[in-house]
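> Numbers 985 to 1386, taken from the working numbering, label the letters of the sequence shown in order.
Note that CB positions come from ideal geometry on N, CA and C, so glycine has one too.
Fair warning: this is a prediction, and the values are worked out from it, not measured in the lab.
One structure, as structure tokens, below. Some questions next.
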Amino acid sequence: MPTIDRPNILLIDCADLGADGLVAAGAGSALQRLADAGKALTCQTANPMSGPARATLMTGRWPQAHGLWTNETFLPLRERLLSERLAAAGYFCGLIGRNHLAPVNGWRTEARRDDDGYRLWEWAHSPTHRARQNAWMAWLKKTAPDVHQDLFGRYGDPDATAPDHELLDKLARLSPGLSFNAWVADRAAAFLDMPRGRGQPWFLVAGLQMERFLDPQSALRRLDDSLGRILNALDERGMTGDTLVVLTSNGVEGQHLTPSGTGVPLILRWPGHPVPAADRAMPVDIAPTLCAAAGLPPCRRHQGRALFGTTDQPRDFAITIRRGAADAGMPDVSVYREGPWWLALDHSTGATALYDVANDPELLADLASMPEQAGRVERMMDRMMDCLIACEDRSQPRLGGF
């Protein structure tokens, strides 16, 4: 049972974990145990690219509104972060792992905002990102200097070369206890023990990752093990009943827009509170949900809705956009999903594609040109345009008539 007025909030952001990860992890996994103790909702990423997706997570706003429209761009300073709002409300805030609200290409250190609200900032973009301020690499150098030297000693500082096969092979053979995800779990446990004001709630962003240099099953197992350690740390400190846990992901970055690439896990566990009534949510709903749980008043700039305590009917659609990835061979695309139907618009060619996801999850049979589907394509295209318009920023109050 809760012992504090406002919940602690643990936001677990799992880079590159798709919605099928919960099924793949299987019975007995930490992912499944978390879902069994709370609720797993159907969710589709707002943008499969890491930067825009995280900006949506931390602002409660669509990429079209918050302005971080593609990777390697800055989130405009006008946008207020979830961490900033919670810190202003008295929360003790920390980040461990990836942030990605500013450019990081060429192993550059991500520029940190002055007003992000974090009291603990242990930034590390990934285990292969060789910025000097990569906190995991600094920890590894201190914990296992010989291992660090073997992995990274041959690289210059700075050195903008891409990770080669030798480095990726060594990372794949790295002892699990020294892995990036193990470091996140260790530092999360240390955060729980940091001194805070009496009765002061905390907010922690813990950035686990599907480590791409491992095979998918091994990467999932390592992520799940670290998730289990974080949840166990809550249990051991008697914090589970006081903590709202939210686990989600940006989607599978770099993958073409498919249901498996854009579907993301969304698990919420808040002991002593009814689970959300909705079965489907969108990433813009997460920030309003956490702010409402913390007792903050509704924010006009949030474009989603709080998931706890609402009787709103669940959405029967989802929308995902991708912009600015043409240099990687991926054109600008908007995807609208309604029930089992998936409509994709390629903005570079104007071509549309329609798929029946229930019977064709890999999107192999485009039905858009079939005469019997012409009405569906037109209707879904209209609704997609309505959704894209609804994603615009209209938070500024109108003070008079036209």
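Would you tell me roughly how many angstroms separate the C-alpha atoms of V1268 and D1130, rounded to the nearest one?
44 angstroms
> Could you tell me which uninterrupted beta strand (DSSP E) segments, each at least 3 residues in length, are contained entirely in the stretch 1320-1384, listed from first to last along the chain?
1325-1330 and 1336-1340
> Can you tell me whether S1379 is buried or exposed? The criterion is at least 16 other CB atoms within 10 Å of its CB, across all chains shown.
exposed
> Please work out which residues of its chain come closer than 8 angstroms, Cβ to Cβ, to Q1201, disregarding the five sequence neighbours upstream and downstream, and give them in chain order.
The answer, listed in chain order, is A1008.
> Can you give the Cα-Cα distance for Q1184 and D1100, rounded to whole angstroms?
Going from the Cα of Q1184 to the Cα of D1100 covers about 18 angstroms.
> Quick one, which of C1283, I1251, F1386 and I1303 has its alpha-carbon nearest D1004's?
I1251
> What ranges does the beta strand (DSSP E) occupy inside the stretch 1220-1281, keeping only unbroken runs of at least 3 residues that lie completely in it?
If we require 3 residues or more, the beta strand (DSSP E) runs fully inside the stretch 1220-1281 come out as 1227-1232 and 1247-1253.
> Of all the options Q1193, E1094, I1373 and T1093, which has the alpha carbon lying nearest to the alpha carbon of Q1287?
For the residues Q1193, E1094, I1373 and T1093, the minimum Cα distance to Q1287 belongs to I1373.
> Give the straight-line distance between the Cα atoms of G1384 and C1375, rounded to the nearest whole angstrom.
23 angstroms
> Does the beta-carbon of Q1133 have 16 or more other beta-carbons within 10 angstroms, so that it is buried, or is it exposed?
exposed
> Apart from the five residues on each side of it in sequence, which residues of its chain come closer than 7 angstroms, Cβ to Cβ, to L1006?
L1015, Q1016, A1019, A1024 and P1249
> Measure the CB-CB distance between T1246 and P1032 and report whether it falls below 8 angstroms.
yes
> If A1430 sits next to T1336, beta carbons under 8 angstroms apart, how far is it from one beta carbon to the other, in whole angstroms?
Nothing can be reported for residue 1430, as the shown portion of the chain is limited to 985 through 1386.
> Out of L1085, P1243, L1070 and T1093, which one is the CA nearest neighbour of I1303?
It is P1243.
> Mind pulling the alpha helix (DSSP H) runs of 4 or more residues that sit fully within the stretch 1143-1229?
1149-1156, 1164-1176 and 1200-1220
> Cα separation between G1078 and W1105?
6 angstroms
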